[in-house]
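As structure tokens, the structure follows; a few thoughts come after it.
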Amino acid sequence: MIKKNPTFTNLAAGYLFPEIGKRRRAFAAAHPDADIISLGIGNTTEPLTPHVVEGLKKYVEGLGTPAGYSGYGDDSAGEPTLREKIASVLYKGLVSADEVFVSDGAKCDVGRIQQMFGSDVPVAVQDPAYPVYVDGAVMVGAAGKMPATDKGYQDIVYMPCLPENNFFPDLSVVKPNSLIFFCSPNNPTGAVATREELKKLVDFAKAQGCIIIFDGAYSAFIRQDGLPTTIYEIEGAKDCAIEINSFSKPIGFTGVRLGWTIVPKNLCFEDGTPVQNIWTRLTNTFFNGASNIAQAGGLASLEPQGLEETRKLVDYYLENAALIKKALEGENFKKAGVEVYGQGNAPYLWVRFPGRSSWEMFDKILEECHVVTTPGSGFGPAGETFIRFSSFGHRDAVIKACQRLSQLKL
Ligand code: PL4
């Protein structure tokens, strides 16, 4: 018999989101008449916008002609015009087109990136965090041989991000030469790091020989002036940070699949090898490029009409978030001492239920309101007692969920 890769022995449990789906299906089976509303998984619900649809259609029609047909791209990094548009429109020239690597989504690149570092590089994550960072580290062996406890994996450094520290971690716990995962706007807390905070992070990483993996998947949700939408707004970030990003949430491409990763030219490993060289080698080996159709849609979204439509689409979800926030600040929640966090720059609300476990609250909200949420403990030990509410949903369903939440007995 063939042995499995021992790194998988350490994986603590199933992946969070299928587990939520399983519980939802079990509840639905037991309550076939329940009208279940999901404020759980961050999955977009609104249709693609007209200009993006036009871009997709045009490209597909071209594929049906000899002149417009194309097969594999020349390399895995993406269509040059899209790379150029991402650099000029989204980064305003802070990065160049040859630092942009188009992908099939941020999650896929979080997984691929870890292969460049392997098992000897220490990993630090914000706690709570999108579970793929930790699970990916476990799979490449970076979590060591120690099994997980209820405090997480013993060889991964968790950096608690709580209301008490304004959701910005104490970096002194990070070991030198670590890979630091940092997400802003944050999933799940919704917190956005300020310029001063990101400067602290970049200065720390440079001084300690660390590389930051900055996940900006929700950057399009930032509405407050002055908050950085990319880590490259911070001086020195190109010496120490890779940024992962996505078309999933801003233009509804969760199913179409398109993202990108910025690997700066001057970012190097200890031996002087440019990280770009290894990234190119790795992706050319394991990745045949993002779908050319998806790339055409992404390109359309970066034209003036596409950008205008994107803003409206993101506004829709932000308005949902504001409605949910209002419901969660109702009398029933206030009386129970529930704390609601969300600054209006992210699609998530992060809610603390003092003295209650996350899964207990998940079950209670599902049973009493028929609303699916995400238990905070699924994002890390510091998420215990919290629930994440997602604002991705049709407006009528969100309004209905809010009405039910205002009746929740706490
Ligand atoms: C459920 C911080 C959602 N099945 O779509 P991608 O791959 O470009 O982006 C995924 C992603 C990357 N980075 C962050 C994210 O929050 C997400 C998506 N997260 C959520 O509810 O937390 C969807 C999760 C999906 C999954 O496992 O990713």
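Each residue of the sequence shown is one higher than the one before, counting from 1 in the UniProt record's numbering.
Ideal placement from N, C-alpha and C gives every residue a C-beta, glycine not left out.
**OP:** Mind checking which residues open and close the beta strand (DSSP E) that includes Arg352?
**Re:** Residue numbering aside, residue 352 sits at position 352 when the sequence shown is read from its first letter. Here the beta strand (DSSP E) through Arg352 covers Tyr348 to Arg352.
Original post:
Could you give the residue range of the alpha helix (DSSP H) that holds residue 435?
Top reply: With the chain covering 1 to 410 only, the question about residue 435 has no answer from this structure.
**OP:** For the beta strand (DSSP E) containing Phe181, list its first residue and its last residue.
**Re:** Position 181 of the sequence shown holds residue 181. Element bounds for Phe181: Leu179 to Cys183.
Original post:
Taking the alpha-carbon positions, what's the Ala61 to Arg23 distance?
Top reply: For the purposes of this step, residue 61 is identified with residue 61 of the sequence shown, where counting begins at 1. For the purposes of this step, residue 23 is identified with residue 23 of the sequence shown, where counting begins at 1. For the sequence presented, residue 61 should be read as Glu rather than Ala. Glu61 and Arg23: Cα-Cα distance of roughly 42 Å.
Original post:
Quick one: complete alpha helix (DSSP H) runs, 4+ long, within the stretch 11-63?
Top reply: 16-30 and 50-63
Original post:
Anyone know if the C-beta pair for Ala217 and Ala322 falls short of 8 Å?
Top reply: Position 217 of the sequence shown, counted from the first residue, corresponds to residue 217. Position 322 of the sequence shown, counted from the first residue, corresponds to residue 322. When the beta-carbon positions are compared, Ala217 and Ala322 stay at least 8 Å from each other.
Original post:
Thinking C-beta only, is Phe167 closer than 8 Å to Tyr133?
Top reply: As a first step, residue 133 is located in the sequence shown; it is residue number 133 there, counting from the start. As a first step, residue 167 is located in the sequence shown; it is residue number 167 there, counting from the start. At the C-beta level, Tyr133 and Phe167 stay beyond 8 Å of one another.
**OP:** With Arg404 as the anchor, note down where its beta strand (DSSP E) starts and where it stops.
**Re:** In the sequence shown, residue 404 corresponds to position 404, counting from 1. First-last for Arg404: Arg395 to Leu405, but that is the alpha helix (DSSP H), not the beta strand (DSSP E).
**OP:** Please confirm whether any heavy atom of the ligand PL4 lies closer than 7 Å to the CB of Asn345.
**Re:** One-based indexing of the sequence shown puts residue 345 at position 345. Result no, Cβ not under 7 Å from the ligand PL4.
**OP:** Answer with buried or exposed for Ile2, where buried requires no fewer than 16 other C-beta atoms within 10 angstroms of its C-beta.
**Re:** The residue labelled residue 2 in the question sits at position 2 within the sequence shown. Classification of Ile2: exposed, given that the 10 Å Cβ count is below 16.
Original post:
What residues match up with Tyr341 in a beta bridge as DSSP calls it?
Top reply: Locating residue 341 in the sequence shown gives position 341, where the first residue counts as 1. DSSP output for Tyr341 lists Trp350 as bridge partner(s).
Original post:
What distance in whole Å lies between the Cβ atoms of Leu405 and Leu328, which are believed to be in contact at a cut-off of 8 Å?
Top reply: As a first step, residue 328 must be located in the sequence shown, where it is residue number 328. As a first step, residue 405 must be located in the sequence shown, where it is residue number 405. About 7 Å separates the two Cβ atoms, so the contact holds.
Subject >> the stretch 48-67 / the stretch 353-364 touching (three or more Cβ pairs under 8 Å) >> reply: no
**OP:** Entirely within the stretch 111-147 and at least 4 residues each: give me those alpha helix (DSSP H) ranges in chain order.
**Re:** For the alpha helix (DSSP H) assignment, the uninterrupted runs of no fewer than 4 residues enclosed by the stretch 111-147 are, from N- to C-terminal side, 131-139.
Original post:
Which term fits Asn186, buried or exposed, when burial requires 16 or more other beta carbons within 10 angstroms of its beta carbon?
Top reply: The residue given as residue 186 occupies position 186 in the sequence shown. Buried, because 16 or more other Cβ atoms sit within 10 Å of the Cβ of Asn186.
Original post:
What's the gap between the Cα of Lys312 and the Cα of Ala397?
Top reply: Residue mapping note: residue 312 aligns to position 312 of the sequence shown, counting from 1. Residue mapping note: residue 397 aligns to position 397 of the sequence shown, counting from 1. Distance from the CA of Lys312 to the CA of Ala397, rounded to the nearest whole angstrom, comes to 19 Å.
Original post:
Going by Cα to Cα distance, which pick from Val89, Leu408 and Asp135 is closest to Lys334?
Top reply: Counting from 1 along the sequence shown, the entry for residue 334 is found at position 334. Among Val89, Leu408 and Asp135, the Cα nearest to that of Lys334 is on Leu408.
Subject >> Reduced DSSP category for Tyr158 - H, G, I as helix; E, B as strand; rest coil >> reply: One-based indexing of the sequence shown puts residue 158 at position 158. Three-state DSSP puts Tyr158 in a strand.
Original post:
Are at least three pairs of beta-carbons, each pair with one atom in the stretch 213-229 and one in the stretch 66-75, less than 8 Å apart?
Top reply: no
Original post:
Is it the case that the CB of Asn43 approaches a heavy atom of the ligand PL4 more closely than 7 Å?
Top reply: On the sequence shown, position 43 is the one that residue 43 refers to. Short note on Asn43: C-beta closer than 7 Å to some heavy atom of the ligand PL4.
Subject >> Residues bridged to Asn245 (per DSSP) >> reply: Numbered from its first residue, the sequence shown carries residue 245 at position 245. In DSSP, Asn245 forms a bridge with Trp260.
Original post:
Near Phe27, what residues of its chain come up, given a Cβ to Cβ distance below 6 Å and the 5 sequence neighbours on each side ignored?
Top reply: Here residue 27 corresponds to residue number 27 of the sequence shown, with the count starting at 1. Only Leu366 meet the Cβ criterion.
Subject >> Between the CA atoms of Met139 and Ala148 - distance to the nearest angstrom >> reply: Stepping through the sequence shown from its first residue, residue 148 is reached at position 148. Stepping through the sequence shown from its first residue, residue 139 is reached at position 139. Roughly 13 Å separates the two Cα atoms.
Subject >> Cutoff 6 Å; reference Asp215; Cβ partners in own chain excluding five residues on either side >> reply: Numbered from its first residue, the sequence shown carries residue 215 at position 215. So the list reads Cys183 and Ile244, once near-sequence residues are dropped.
Original post:
Roughly how many whole angstroms lie between the Cα atoms of Ile113 and Pro32?
Top reply: As a first step, residue 113 is located in the sequence shown; it is residue number 113 there, counting from the start. As a first step, residue 32 is located in the sequence shown; it is residue number 32 there, counting from the start. In a straight line, the C-alpha of Ile113 is about 43 Å away from that of Pro32.
Subject >> Distance, Thr374 Cα to Gly40 Cα >> reply: In the sequence shown, residue 40 corresponds to position 40, counting from 1. In the sequence shown, residue 374 corresponds to position 374, counting from 1. C-alpha separation (whole angstroms): 5 Å.
**OP:** Report whether the distance from the Cβ of Thr7 to the nearest heavy atom of the ligand PL4 is below 7 Å.
**Re:** As a position in the sequence shown, residue 7 is number 7, starting the count at 1. For the ligand PL4, not one heavy atom lies less than 7 Å from the Cβ of Thr7.
**OP:** Note down, in chain order, each residue of its chain lying with its Cβ closer than 7 Å to the Cβ of Ile156, except the 5 sequence neighbours on either side.
**Re:** Numbered from its first residue, the sequence shown carries residue 156 at position 156. For Ile156, where only same-chain residues beyond five positions count, the Cβ hits under 7 Å are Val123, Val125, Val134, Ala137 and Ala143.
**OP:** Along the alpha helix (DSSP H) that carries Ile293, what are the first and last residues, could you check?
**Re:** Reading the sequence shown from its first residue, position 293 is the one you call residue 293. Taken as a continuous stretch (DSSP letters only), the alpha helix (DSSP H) holding Ile293 covers Asn292 to Ser301.
**OP:** Measure the alpha-carbon distance for Glu319 versus His394 and round it to whole angstroms.
**Re:** The residue labelled residue 319 in the question sits at position 319 within the sequence shown. The residue labelled residue 394 in the question sits at position 394 within the sequence shown. Approximately 11 Å, taken between the alpha carbons.
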